[in-house]
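This report concerns only the one structure given below.
There are 2 protein chains.
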Amino acid sequence: MVTGPIGLDDTGSPVDAETFERELRSVPERRYHHRHPFNLRMHRGELTPDELRTWILNRFHYQRHIPVKDALILAKFDDPALRRMWVRRITDHDGTEDDEGGIARWLRLGEAAGLDRADLLAGEKVLPGVRLAVDGYVNLCRDGTPLEAVAASLTELFAPDIMTTRIAAFEKHYPWIGQGGLAYFKSRVPQGRRDSGEALAFVLDRARTRADQKAALAALAYKCEVLWTLLDAVDRAPA
Amino acid sequence: MVTGPIGLDDTGSPVDAETFERELRSVPERRYHHRHPFNLRMHRGELTPDELRTWILNRFHYQRHIPVKDALILAKFDDPALRRMWVRRITDHDGTEDDEGGIARWLRLGEAAGLDRADLLAGEKVLPGVRLAVDGYVNLCRDGTPLEAVAASLTELFAPDIMTTRIAAFEKHYPWIGQGGLAYFKSRVPQGRRDSGEALAFVLDRARTRADQKAALAALAYKCEVLWTLLDAVDRAPA
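Residue numbers (my numbering), protein chains in the order written: chain A, 1427 to 1665; chain B, 1427 to 1665.
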């Protein structure tokens, strides 16, 4: 992945909102896992069924921690209006009486790919590198500032595009996974647009100093490393 | 307040569920703030309007931290079904599109009592002892086990009764606070019943060892101390 300095140098004053947003967008543009070799192979239809299952099982470890990290972010907000906005992310994944939620949809993807639901839930086959990557993200959301934790979520700026590409790739290359298995990817297109829009507005509003802006960019780069490292571990998994 | 040992001694094996539930209920029975002199004066109609306002303003500092501590508890649960149950507590306080929520109701109580909404929101007049008590509770929910954090919420076993008493006391003794100001107390009667029932079932299920049972009892006693200390600070506030 691309490494090296991210965005702004150390001069004193904050950049204007337009420049800051451009810098924010450029981080996942260069570092998001849409560029990872494993993701590119997935979308070209080059994964074996076993490789695909390894990814689905390991990525589930990430998915099931999304509501945990979002609850940690929620606990940082002192404004009920902000919490009302953010709590929807938790119900999006955990579900409600009327909606099964993202975790249940991912379990359906796993079953459609031939994985055992009990194996997914037990999590015992999750790779160490994946556990560490997810721990890193959860701990950033536990220990970071509200600005850092929200900025880290801005990988979602790129989620709708990667999901759209992935849905087409699965339909073309992995038709043995039925349409029902793709429900998670489909739900994330509108959710990712809405969530990233809200998070971007928060970050643009809260990053008042140059140091704030740099911290937000660094948190977003860290999050990209989490996702990249997760795919590294999956890519190197023993067959 | 009552101090001294809580419930179980140090012998090895866990007590049966019935005995444990009786021990759990006996903690707030003896230590909950329904026995605090300030609460007794409030319910006898002996508070001056200024004393009542001091209580409302300071207790708001507790109220506004309820969703924060509940988000910290939420982040401890790895089961979507448990999170779906607990997340409702957050929306109960923060509100939804259809329901103003408990924090808005408490603000209405403050305004009905003649407090300035901006003063309530600014929080600058909150007493140091109240801040420390609330910090203690939030930190228990941040750093404790899921069992301890949920057990601490079991003061709600006594909340419906204290709310029913309080509504009658306000209607009788403080009629200058209109009915609209009592909406928070009224909403907590059914919410407290439902919440404490769910929390009690969780604690009875999760406390498997004698050490678990003792930890749950200690957490509930600590929570009683939080509420008691809050009223101590209010009771001693300079006029």
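C-beta atoms are modelled at their ideal positions from N, C-alpha and C, and glycine is treated no differently.
Straight-line Cα distance separating residue j from residue i
| i | j | result |
| --- | --- | --- |
| Lys1612 of chain A | Asp1496 of chain A | 21 Å |
| Pro1493 of chain A | Ile1499 of chain A | 10 Å |
| Gln1639 of chain B | Ala1633 of chain B | 5 Å |
| Gly1549 of chain B | Val1556 of chain B | 11 Å |
| Arg1461 of chain A | Arg1662 of chain A | 16 Å |
| Leu1653 of chain A | Ala1559 of chain A | 7 Å |
| Thr1655 of chain B | Ala1609 of chain B | 25 Å |
| Leu1547 of chain B | Ala1647 of chain A | 35 Å |
| Val1615 of chain B | Ala1627 of chain B | 19 Å |
| Phe1584 of chain B | Ala1577 of chain B | 13 Å |
| Leu1553 of chain A | Ala1659 of chain A | 7 Å |
| Glu1434 of chain B | Arg1456 of chain B | First, the residue type needs correcting, since residue 1434 of chain B is Leu and not Glu in the sequence shown. Rounded to the nearest angstrom, the two C-alpha atoms are 15 Å apart. |
| Arg1451 of chain A | Leu1466 of chain B | 58 Å |
| Leu1657 of chain B | Cys1650 of chain B | 11 Å |
| Ala1637 of chain B | Leu1573 of chain B | 11 Å |
| Thr1445 of chain A | His1459 of chain A | 24 Å |
| Pro1440 of chain A | Thr1571 of chain A | 18 Å |
| Asp1476 of chain A | Ala1641 of chain B | 45 Å |
| Trp1512 of chain B | Lys1598 of chain A | 41 Å |
| Ile1666 of chain A | Glu1449 of chain A | The structure shown does not extend to residue 1666 of chain A, since chain A is modelled only from 1427 to 1665, so the question has no answer here. |
| His1487 of chain A | Glu1472 of chain B | 57 Å |
| Pro1586 of chain B | Ala1443 of chain A | 50 Å |
| Gly1521 of chain B | Thr1522 of chain A | 16 Å |
| Phe1596 of chain B | Ala1538 of chain B | 12 Å |
| Thr1517 of chain A | Arg1514 of chain B | 10 Å |
| Phe1503 of chain A | Gln1489 of chain B | 14 Å |
| Ser1622 of chain B | Gly1562 of chain B | 21 Å |
| Cys1567 of chain B | Val1629 of chain B | 15 Å |
| Glu1403 of chain A | Val1453 of chain B | Residue numbering for chain A in the displayed model covers 1427 to 1665; residue 1403 of chain A lies beyond these limits and cannot be assessed. |
| Asp1436 of chain B | Ala1644 of chain A | 50 Å |
| Glu1447 of chain A | Arg1485 of chain B | 41 Å |
| Val1564 of chain A | Gly1527 of chain A | 20 Å |
| Asp1631 of chain B | Ala1575 of chain B | 14 Å |
Simplified DSSP state of residue i, which is helix, strand or coil
| i | result |
| --- | --- |
| Trp1602 of chain B | coil |
| Leu1666 of chain A | No answer is possible for residue 1666 of chain A: it lies beyond the span of chain A, which begins at 1427 and ends at 1665. |
| Asp1476 of chain B | helix |
| Lys1551 of chain B | coil |
| Asp1621 of chain B | helix |
| Phe1446 of chain A | helix |
| Leu1630 of chain A | helix |
| His1462 of chain B | coil |
| Asp1404 of chain B | For chain B, the structure presents residues 1427 to 1665; residue 1404 of chain B sits outside this window and is missing. |
| Leu1434 of chain B | coil |
| Pro1440 of chain A | coil |
| Arg1531 of chain B | helix |
| His1487 of chain A | helix |
| Thr1590 of chain B | helix |
| Phe1596 of chain A | helix |
| Arg1502 of chain A | Inspection of the sequence shows that residue 1502 of chain A is occupied by Lys rather than by Arg. Lys1502 of chain A falls in the coil class under three-state DSSP. |
| Glu1526 of chain B | coil |
| Ala1585 of chain A | helix |
| Val1568 of chain A | In the sequence as displayed, the identity of residue 1568 of chain A is Arg instead of Val. DSSP places Arg1568 of chain A in helix when its eight states are reduced to three. |
| Pro1669 of chain B | One cannot answer for residue 1669 of chain B here, as it falls past the ends of chain B, which runs 1427 to 1665. |
Proximity winner among the options, relative to residue i (alpha-carbon distances)
| i | options | result |
| --- | --- | --- |
| Asp1524 of chain A | B:Leu1533, B:Val1576 and B:Arg1510 | B:Arg1510 |
| Thr1474 of chain B | B:Ala1548, B:Val1652, B:Tyr1600 and B:Asp1658 | B:Tyr1600 |
| Trp1481 of chain B | B:Tyr1563, B:Leu1580, B:Asp1542 and B:Gly1536 | B:Gly1536 |
| Leu1541 of chain B | B:Gly1527, B:Ile1603 and B:Val1441 | B:Ile1603 |
| Arg1470 of chain A | A:Gln1489, A:Phe1628, A:Ala1594 and A:Leu1508 | A:Ala1594 |
| Arg1545 of chain B | B:Leu1483, B:Val1576 and B:Ala1578 | Going by the sequence as given, residue 1545 of chain B is Asp instead of Arg. Here the closest residue by C-alpha is B:Leu1483. |
| Lys1551 of chain A | A:Asp1435, A:Leu1434 and A:Ala1665 | A:Ala1665 |
| Arg1479 of chain A | A:Arg1515, A:Val1441, A:Ala1641 and A:Arg1543 | A:Arg1543 |
| Met1468 of chain B | B:Gly1623, B:Ala1637 and B:Met1589 | B:Met1589 |
| Trp1532 of chain B | A:Pro1506, A:Arg1531, A:Ala1539 and A:Gly1527 | A:Pro1506 |
| Ala1501 of chain A | A:Glu1526, A:Asp1569, A:Ala1443 and A:Arg1534 | A:Asp1569 |
| Arg1619 of chain B | B:Leu1580, B:Glu1526, B:Gly1438 and B:Glu1447 | B:Leu1580 |
| Arg1534 of chain B | B:Asp1621, B:Gly1606 and B:Glu1624 | B:Gly1606 |
| Gly1438 of chain A | A:Thr1635, A:Gly1562 and A:Ala1644 | A:Thr1635 |
| His1519 of chain A | A:Ser1622, A:Glu1624 and A:Gln1617 | A:Gln1617 |
| Glu1624 of chain B | B:Leu1508, B:Glu1526, B:Thr1591 and B:Leu1643 | B:Leu1508 |
| Phe1464 of chain B | B:Arg1592, B:Ala1645 and B:Ala1644 | B:Arg1592 |
Where residue i meets chain D, residues with beta-carbon distance less than 9 Å
| i | result |
| --- | --- |
| Pro1506 of chain B | Chain labels in this structure do not include chain D; the protein chains are A and B. |
Subject >> chain A contacts from the stretch 1469 to 1484 of chain B (Cβ-Cβ distance under 8 Å) >> reply: none
Subject >> Residues of the stretch 1517 to 1544 of chain A whose Cβ lies closer than 9 Å to any Cβ of chain B, in chain order >> reply: Thr1517, His1519, Asp1520, Gly1521, Thr1522, Glu1523, Gly1527, Ile1529 and Ala1530
**OP:** Using a Cβ-Cβ cut-off of less than 7 Å, give me the residues of the stretch 1617 to 1635 of chain B that come near chain A, in sequence order.
**Re:** none
**OP:** Could you list the residues in the stretch 1483 to 1502 of chain A with a C-beta less than 9 Å from some C-beta on chain B, going in chain order?
**Re:** Arg1490, His1491, Pro1493, Val1494, Lys1495, Asp1496, Ala1497, Leu1498, Ile1499, Leu1500, Ala1501 and Lys1502
Original post:
Closer than 7 Å, Cβ to any Cβ of chain A: which residues of the stretch 1452 to 1470 of chain B, in chain order?
Top reply: none
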